[in-house]
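*Asks:*
There are 2 protein chains.
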Amino acid sequence: MKLSGGVEWALHCCVVLTTAADPVPAARLAELHDVSGSYLAKQLQALSRAGIVTSVQGKSGGYVLTRAPELITVLDVVTAVDGSQPAFACTEIRQRGPLAAPQEACTRPCAISRAMAGADAAWRAALQAVSIADLARDVDEDYGPAMFAGVRAWLGGPGGGDAPGGGDAPAG
Amino acid sequence: MKLSGGVEWALHCCVVLTTAADPVPAARLAELHDVSGSYLAKQLQALSRAGIVTSVQGKSGGYVLTRAPELITVLDVVTAVDGSQPAFACTEIRQRGPLAAPQEACTRPCAISRAMAGADAAWRAALQAVSIADLARDVDEDYGPAMFAGVRAWLGGPGGGDAPGGGDAPAG
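The listed protein sequences derive, respectively, from chains A and B.
For the first sequence, numbering that gives the first Met the number 0 begins at 0 and goes up steadily by one.
For the second sequence, numbering that gives the first Met the number 0 begins at 0 and goes up steadily by one.
#1: How would you call Val15 of chain B, buried or exposed, if buried means at least 16 neighbouring beta carbons within 10 angstroms?
#2: Kindly indicate if chain A contains any beta-carbon less than 8 Å away from that of Gly166 of chain B.
#3: Keeping to the same chain, check which residues put their C-beta closer than 8 Å to that of Ser47 of chain B; ignore five residues upstream and five downstream.
#4: With 16 as the cutoff for other CB atoms within 10 Å, does Ser83 of chain A come out buried or exposed?
#5: Can you give me the C-alpha to C-alpha distance between Ile92 of chain B and Asp33 of chain A, rounded to a whole angstrom?
#6: May I have the straight-line CA-CA distance separating Met115 of chain A from Gly155 of chain B, to the nearest angstrom?
#7: Report yes if the CB atom of Ser130 of chain A is closer than 8 Å to the CB atom of Ile71 of chain A, and no otherwise.
#8: Could you pull the start and end residues of the beta strand (DSSP E) that Thr53 of chain A belongs to?
#9: Quickly, what does DSSP pair Thr18 of chain A with across the bridge? List them, please.
#10: So is Lys41 of chain B in contact with chain A if we call contact Cβ pairs under 8 Å?
#11: Residues of chain A with a CB under 7 Å from the CB of Asp33 of chain B: which are they?
#12: Assess, as a yes-or-no matter, whether the region 119 to 134 of chain A is touched by the region 104 to 121 of chain B under the definition of 3 or more beta carbon pairs within less than 8 Å.
#13: Using Cβ-Cβ distances below 9 Å, what residues of the region 107 to 120 of chain B are close to chain A?
#14: With a 10 Å radius around its C-beta and 16 neighbouring C-beta atoms as the bar for buried, classify Thr42 of chain A as buried or exposed.
#15: List the residues that DSSP assigns as beta-bridge partners of Tyr62 of chain B.
#16: Name the chain B residues whose beta carbon is nearer than 8 Å to that of Tyr142 of chain A?
#17: Should Pro68 of chain A be labelled buried (16 or more other beta-carbon atoms within 10 Å of its own) or exposed?
#18: Anyone know if the C-beta pair for Leu2 of chain B and Phe87 of chain A falls short of 8 Å?
#19: Going by other Cβ atoms of all chains shown within 10 Å of its Cβ, with 16 needed for buried, is Glu103 of chain A buried or exposed?
#20: Please list the partners that Gly149 of chain A has in chain B, where partner means a Cβ-to-Cβ separation under 7 Å.
#21: Run down chain B in chain order and give the residues with a C-beta less than 8 Å from the C-beta of Thr90 of chain A.
#22: Less than 8 Å between CB atoms is the rule here; does Val73 of chain A satisfy it with respect to chain B?
#23: Using a C-beta cutoff of 8 Å, does Ala67 of chain A count as contacting chain B?
#24: Might you give, ordered along the chain, the residues of its own chain that have their beta carbon closer than 8 Å to the beta carbon of Pro85 of chain A, omitting 5 neighbours on each side?
#25: Would you mind stating whether Leu10 of chain B and Leu134 of chain B have Cβ atoms separated by less than 8 Å?
#26: Select from A:Met0, A:Leu31 and A:Ala20 the residue whose C-alpha is nearest the C-alpha of Cys12 of chain A.
#27: Please list, in chain order, the chain A residues whose beta carbon lies closer than 7 Å to that of Leu10 of chain B.
#28: Mind checking if Asp137 of chain A is an interface residue toward chain B, Cβ cutoff 8 Å exclusive?
#29: So, using beta-carbon positions, are Gly36 of chain B and Ala49 of chain B closer together than 8 Å?
#30: Quick one: does Ala125 of chain A have its CB under 8 Å from some CB of chain B?
#31: Return helix, strand or coil for Thr72 of chain A, following the three-state DSSP convention.
#32: What does a CB cutoff of less than 8 Å around Thr106 of chain B pick up in its chain, not counting 5 residues either side in sequence?
#33: If we define contact as Cβ-Cβ less than 8 Å, is Leu134 of chain B a contact residue for chain A?
#34: How about Val80 of chain A and Gly149 of chain A: do their beta carbons lie closer than 8 Å?
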């Protein structure tokens with residue numbers, strides 16, 4: 000079982016956007032995280048389609064969160080990037096073979112499917128219990144306030160707000 | 000996020016093996032479930048490597064569970080077939096880019112990684128709380144005792160215990 004790698008990138012971007020004073024271009028987010036700009040752009044588009052971020056147009060354009068980070072759960076981001084399909088896909092094996100259960104006896108998911116769905120629900124509940132604001136607070140506690148201050152300074156520095164580029168200038 | 004399709008097949012096989020009076024050849028399990036024999040054989044080999052089933056050699060050979068179904072969890076089977084890697088792979092993005100956190104500040108997993116690990120733990124705990132015996136009891140309750148009696152009769156019928164084949168004989 001594997002989540003799309005884009006989930007990690009998207010979550011990091013959302014945490015960064017909680018601290019940004021202005022919209023942040025996709026290329027600037029890619030530069031900050033040292034990841035592929037084109038692949039990150041796809042994750043940001045997925046977040047945008049899900050209504051988690053929106054793209055502000057213009058010279059100082061870029062991405063912003065659409066609502067308070069307290070109102071965005073980790074599950075929202077995971078679902079936006081990785082989809083909402085459960086990990087376990089039941090193919091109704093019970094309705095196959097020489098002893099196939101008749102369709103009318105299969106109105107309820109089978110026991111195996113129910114067990115897997117229960118685990119899926121537990122996983123989603125855990126992800127829904129954590130907000131982007133929680134993550135940002137944890138990051139702040141892990142590294143101290145200098146970390147986000149550094150990110151804000153870097154985002155406001157050369158290349159900041161300069162959609163869609165960000166350039167190659169080293170930032171500090 | 001997607002689990003290997005083999006998980007479903009392996010769980011169904013384990014439930015069937017709880018009711019079998021004798022070892023069941025792989026081909027017979029494939030026939031019963033109307034699934035690919037070669038792909039199912041791979042899942043049974045994975046279960047065997049994990050010590051969940053063992054292959055009994057000889058004319059009446061086939062697969063048996065190695066222990067009471069109360070002692071085999073759904074998580075055991077999922078891990079045997081799909082591996083034990085967590086769904087979320089942290090690539091330590093925080094240590095990349097112009098504001099990379101120094102390695103010595105990263106002894107503990109980052110907040111995002113911790114949130115994802117918490118959800119993974121919830122998923123595993125839910126799967127660990129259900130045993131193969133639980134599934135078998137649920138199946139019995141869903142369809143009544145005639146279902147497992149039918150499986151036992153079919154397994155003991157033409158092709159039963161006839162490793163590794165099972166033949167093409169229709170079974171009733």
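The beta-carbon is built from N, C-alpha and C at its ideal position, and this holds for glycine as well.
*Replies:* This is what the structure gives:
#1: Classification of Val15 of chain B: buried, given that the 10 Å Cβ count is 16 or more.
#2: Below a pLDDT of 50, predicted positions are generally treated as unreliable, and Gly166 of chain B, at 36, falls in that range; the measurement from the model is reported next regardless. False, the Cβ-Cβ gap to chain A never drops below 8 Å.
#3: Cβ neighbours of Ser47 of chain B beyond the five flanking positions: Thr53, Ser54 and Tyr62.
#4: By the Cβ-count criterion, Ser83 of chain A is exposed, with fewer than 16 other Cβ atoms from all chains shown falling within 10 Å of its own Cβ.
#5: Computed Cα separation, rounded: 8 Å.
#6: Between Met115 of chain A and Gly155 of chain B, the C-alpha separation is close to 30 Å.
#7: Closer than 8 Å, so yes.
#8: Element bounds for Thr53 of chain A: Val52 to Val55.
#9: Under DSSP, Thr18 of chain A takes part in no beta bridge, so it has no partner.
#10: Proximity of Lys41 of chain B to chain A, defined by a Cβ-Cβ separation below 8 Å, is not satisfied.
#11: Identification of chain A residues near Asp33 of chain B by a Cβ-Cβ cut-off of 7 Å yields Arg95 and Gly96, ordered along the chain.
#12: The region 104 to 121 of chain B vs the region 119 to 134 of chain A: in contact.
#13: Those residues of the region 107 to 120 of chain B that come within reach of chain A (Cβ to Cβ, closer than 9 Å) are Arg107, Cys109, Ala110, Ile111, Ser112, Arg113, Ala114, Met115, Gly117, Ala118, Asp119 and Ala120.
#14: The residue you asked about is not Thr; residue 42 of chain A is Gln in the sequence shown. That one is buried.
#15: Partner(s): B:Val23 and B:Ser54.
#16: Close to Tyr142 of chain A, with beta-carbon spacing below 8 Å, are these residues of chain B in chain order: Ala100 and Ala104.
#17: The C-beta of Pro68 of chain A has 16 or more other C-beta atoms within 10 Å across all chains shown, which makes the residue buried.
#18: In contact: Leu2 of chain B and Phe87 of chain A (Cβ atoms closer than 8 Å).
#19: Around the beta-carbon of Glu103 of chain A, fewer than 16 other beta-carbon atoms lie within 10 Å, marking it exposed.
#20: Chain B residues near Gly149 of chain A: Leu98.
#21: The contacting residues are Gly4 and Glu7.
#22: Closer than 8 Å: yes.
#23: Output row for Ala67 of chain A: interface = no.
#24: Scanning its chain for C-beta atoms nearer than 8 Å, with the 5 sequence neighbours on each side dropped, one finds around Pro85 of chain A the residues Met115, Ala116 and Asp119, in chain order.
#25: With a cutoff of 8 Å on beta-carbon distance, Leu10 of chain B and Leu134 of chain B are scored as near each other.
#26: Of A:Met0, A:Leu31 and A:Ala20, the residue nearest in Cα terms is A:Leu31.
#27: Neighbours of Leu10 of chain B on chain A, chain order: Ile111.
#28: Residue contact with chain B for Asp137 of chain A: present (Cβ-Cβ distance below 8 Å to some residue of chain B).
#29: Their beta carbons are not under 8 Å apart, which means Gly36 of chain B does not touch Ala49 of chain B by this criterion.
#30: True, the Cβ-Cβ gap to chain B drops below 8 Å.
#31: For Thr72 of chain A, the secondary structure class from DSSP, reduced to helix, strand or coil, is strand.
#32: Nothing listed; no residue qualifies.
#33: Contact with chain A is found for Leu134 of chain B, since one of that chain's Cβ atoms lies less than 8 Å from the residue's Cβ.
#34: Going by C-beta atoms, Val80 of chain A is not nearer than 8 Å to Gly149 of chain A.
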